[in-house]
Amino acid sequence: MARQVKRAFKYRFYPTDEQAAELSRTFGCVRLVYNKALEERTRAWYGQRRRISYVQSSAALTEWKKTEELAFLAEVSSVPLQQALRHLQTAFANFFAERAKYPRFKSKKRSRASAEYTRSAFTWRDGRLTLAKTTGPLDIRWSRPLPEGAEPTTVTVSCDSAGRWFVSILVQDIVTPAPATEAAVGLDVGITCLVTLSTGEKITNPRHERRDRERLARAQRDLARKAEGSANRGRARRRVARIHARITDRRRDFLHKLSTRLVHENQVVVIEDLNVAGMVKNHSLARAISDAAWRDLRTMLEYKAAWYGRELVVIDRWFPSTKTCSNCWTVTEQLPLNVRVWTCGGCGARHDRDVNAAKNVLAAGLAVSACGAGVRPQRESSRTGRSATKQETQRVTAGIPRL
Ligand SMILES: [Zn+2]
Numbered sequence: 000m001a002r003q004v005k006r007a008f009k010y011r012f013y014p015t016d017e018q019a020a021e022l023s024r025t026f027g028c029v030r031l032v033y034n035k036a037l038e039e040r041t042r043a044w045y046g047q048r049r050r051i052s053y054v055q056s057s058a059a060l061t062e063w064k065k066t067e068e069l070a071f072l073a074e075v076s077s078v079p080l081q082q083a084l085r086h087l088q089t090a091f092a093n094f095f096a097e098r099a100k101y102p103r104f105k106s107k108k109r110s111r112a113s114a115e116y117t118r119s120a121f122t123w124r125d126g127r128l129t130l131a132k133t134t135g136p137l138d139i140r141w142s143r144p145l146p147e148g149a150e151p152t153t154v155t156v157s158c159d160s161a162g163r164w165f166v167s168i169l170v171q172d173i174v175t176p177a178p179a180t181e182a183a184v185g186l187d188v189g190i191t192c193l194v195t196l197s198t199g200e201k202i203t204n205p206r207h208e209r210r211d212r213e214r215l216a217r218a219q220r221d222l223a224r225k226a227e228g229s230a231n232r233g234r235a236r237r238r239v240a241r242i243h244a245r246i247t248d249r250r251r252d253f254l255h256k257l258s259t260r261l262v263h264e265n266q267v268v269v270i271e272d273l274n275v276a277g278m279v280k281n282h283s284l285a286r287a288i289s290d291a292a293w294r295d296l297r298t299m300l301e302y303k304a305a306w307y308g309r310e311l312v313v314i315d316r317w318f319p320s321t322k323t324c325s326n327c328w329t330v331t332e333q334l335p336l337n338v339r340v341w342t343c344g345g346c347g348a349r350h351d352r353d354v355n356a357a358k359n360v361l362a363a364g365l366a367v368s369a370c371g372a373g374v375r376p377q378r379e380s381s382r383t384g385r386s387a388t389k390q391e392t393q394r395v396t397a398g399i400p401r402l
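All residue numbers for the sequence shown refer to numbering that gives the first Met the number 0, where the first residue is 0 and numbers rise by one.
Here it is as structure tokens:
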């Protein structure tokens with residue numbers, strides 16, 4: 000049974016000088032409107048415990064446009080400004096539901112500049128995309144085709160800190176669920192090896208990554224030595240941004256292929272929830288990149304599992320997947336990080352550290368999945384049938400991810 004899904008396609012494009020100027024102006028207005036509305040909401044919330052709605056923010060925007068000092072807001076397309084207020088509304092809804100931290104101001108340096116256009120603010124004709132208030136269609140590099148007959152519903156234009164322009168096109172697409180299979184897989188995440196599968200397969204980082212990472216570290220050291228405000232510093236910063244962007248791009252491409260493959264091959268995919276508070280923090284660059292990759296992989300697995308009719312089970316990090324023997328469930332007390340291969344004291348089985356962990360992740364996930372956890376919210380705890388007798392303190396949570 001085919002189903003309709005929303006799907007985003009991201010491309011690079013090369014704006015004319017005129018388009019670049021208009022879009023940069025729009026980015027500035029989006030940031031200003033977002034920050035000003037956030038300021039008002041903050042005053043209302045911390046001053047009077049009063050919540051401001053989207054409708055009120057939108058009415059305020061109309062008033063701002065009438066003032067002399069903010070009249071320029073009326074010169075750019077109004078849709079991206081409205082969308083900024085909608086995003087702020089979502090950020091506050093998440094904050095009030097305790098799903099997110101208090102919204103932050105958009106800074107020119109740190110936040111990615113972007114503007115979102117809904118259907119009324121762009122035209123799409125014969126594969127050519129033209130945004131409101133800009134002249135001529137965008138010069139888009141179609142690195143992969145949009146689905147046949149796709150109608151864009153939302154278009155987001157952005158410019159990253161390396162000065163590259165992107166357009167992300169959201170379309171309605173139709174996906175067909177993958178044929179049912181008995182296969183299931185557990186994933187263990189690491190730094191040296193990105194992911195280890197319960198099948199024993201080790202998936203290493205993308206090919207160029209080590210070299211790119213060394214380049215990044217060198218560029219960052221360079222940047223740190225440059226004088227504040229100098230032209231050299233600006234150049235060094237753009238260089239860091241460019242290398243960073245390259246790592247991210249290659250990584251995303253790699254993760255897309257991996258997640259598609261895992262979802263196609265398996266009915267159930269089990270992963271660990273690494274976002275549990277209290278996890279040991281390690282601030283190395285490798286760690287930061289590996290954490291980011293894991294978050295991206297998880298997001299991709301979540302929506303692809305939903306698209307293709309698969310189940311993604313997320314288990315609690317505190318399940319001692321590493322120290323438990325996947326063969327006899329004996330827990331080993333001491334297992335230092337440098338021990339990559341170990342022998343179980345209970346049954347004598349010899350384990351590769353990561354493969355053993357992945358096998359345990361799979362077993363824990365399947366136990367939860369089998370007792371119908373697929374319909375439970377993610378935060379609800381349950382015990383796995385197998386581990387409950389042996390390890391009284393274990394907690395396993397699972398369920399359908401939020402989409
Ligand atoms: Zn054992």
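Glycine residues also receive a C-beta, built at the ideal position from the N, C-alpha and C atoms. Computed from a prediction, not measured in an experiment: that's the story for all the values here.
Skipping 5 residues on each side, what residues in its chain have a beta carbon closer than 8 angstroms to that of residue i?
i: Ala276; result: Note on Ala276: pLDDT 39, under 50, position unreliable in the model; no value is reported.
i: Leu429; result: The chain is shown only over 0 to 402; residue 429 falls outside these bounds and no answer can be derived.
i: Ala465; result: Any property of residue 465 remains undetermined from this structure, which presents the chain solely from 0 to 402.
i: Thr342; result: Ala348, Arg349 and His350
Check whether the Cβ atoms of residue i and residue j lie closer than 8 angstroms to each other.
i: Glu208; j: Ile168; result: no
i: Glu339; j: Arg352; result: Just to set this straight, residue 339 is Arg in the shown sequence, not Glu. Yes; because the gap between Cβ atoms is below 8 angstroms, this pair is in contact.
i: Ser106; j: Leu84; result: no
i: Gln266; j: Glu200; result: no
i: Leu296; j: Leu254; result: yes
i: Leu222; j: Arg241; result: no
i: Tyr53; j: Val78; result: no
i: Val154; j: Phe121; result: yes
i: Gly344; j: Thr331; result: yes
i: Arg250; j: Ala216; result: no
i: Phe26; j: Ala114; result: yes
i: Arg143; j: Pro136; result: no
i: Trp141; j: Tyr10; result: yes
i: Arg163; j: Ala112; result: no
i: Lys322; j: Leu336; result: no
i: Gly189; j: Ser197; result: no
i: Asp252; j: Val4; result: no
i: Leu365; j: Ala183; result: yes
i: Ala363; j: Phe318; result: yes
Mapping DSSP to helix, strand and coil, what is residue i?
i: Cys158; result: strand
i: Asp125; result: coil
i: Val262; result: helix
i: Ile51; result: coil
i: Trp63; result: helix
i: Gln171; result: strand
i: Thr89; result: helix
i: Arg6; result: strand
i: Ser119; result: helix
i: Val75; result: coil
i: Val275; result: Residue placement at Val275 cannot be trusted, given a pLDDT of 42 that sits under 50; what the coordinates show is reported in the next sentence. If DSSP states are grouped into helix, strand and coil, Val275 belongs with coil.
i: Thr329; result: coil
i: Val354; result: helix
i: Glu338; result: The sequence shown places Val at residue 338, not Glu. Val338: coil per DSSP, three-state reduction.
i: Ala36; result: helix
i: Arg375; result: Legend: pLDDT at Arg375 = 36, less than 50; position of this residue unreliable, no value from coordinates given.
i: Ser113; result: strand
i: Trp306; result: helix
i: Gly364; result: helix
i: Arg163; result: coil
i: Leu196; result: strand
i: Leu145; result: coil
i: Phe318; result: coil
i: Gly185; result: strand
i: Ser380; result: Unreliable placement is indicated for Ser380, whose pLDDT of 34 sits below 50; the coordinate value is still reported in the next sentence. In the structure shown, Ser380 sits in a strand (DSSP, three-state: E or B).
i: Ala387; result: Residue confidence for Ala387 is low, a pLDDT of 30 falling below 50, so the modelled location carries little weight and cannot support an answer.
Note down, in chain order, each residue of its chain lying with its Cβ closer than 6 angstroms to the Cβ of residue i, except the 5 sequence neighbours on either side.
i: Ile202; result: Leu193 and Val194
i: Glu379; result: Below a pLDDT of 50, predicted positions are generally treated as unreliable, and Glu379, at 31, falls in that range; the measurement from the model is reported next regardless. Nothing listed; no residue qualifies.
i: Ala19; result: none
i: Asn355; result: Ser325
i: Ala149; result: Val170
i: Asp16; result: none
Suppose the cutoff is 7 angstroms on Cβ atoms and the five residues either side in sequence are ignored; what does the same chain contact list for residue i look like?
i: Cys28; result: Leu72, Val75 and Leu80
i: Leu37; result: Leu87, Pro102 and Phe104
i: Glu21; result: Lys132 and Thr133
i: Leu60; result: Val32, Leu80 and Leu84
i: Asp211; result: Ile242, Arg245 and Ile246
i: Arg118; result: Thr152
Rounded to whole angstroms, how far is the Cβ of residue i from the Cβ of residue j, which I believe are closer than 8 angstroms?
i: Val170; j: Arg6; result: 6 angstroms
i: Ile314; j: Val239; result: No, Ile314 and Val239 are not in contact; Cβ-Cβ is about 37 angstroms, not under 8 angstroms.
i: Phe12; j: Leu145; result: With a Cβ gap of about 14 angstroms, Phe12 and Leu145 do not count as contacting.
i: Pro176; j: Tyr307; result: 5 angstroms
i: Ala91; j: Arg42; result: Per the sequence shown, residue 91 should be read as Phe rather than Ala. With a Cβ gap of about 14 angstroms, Phe91 and Arg42 do not count as contacting.
i: Arg220; j: Ala226; result: Arg220 to Ala226, Cβ: 15 angstroms. No contact.
Start-end ranges of the alpha helix (DSSP H) lying completely within the segment 198 to 255, minimum 4 residues: DSSP runs (the alpha helix (DSSP H)) wholly in the segment 198 to 255: 208 to 224.
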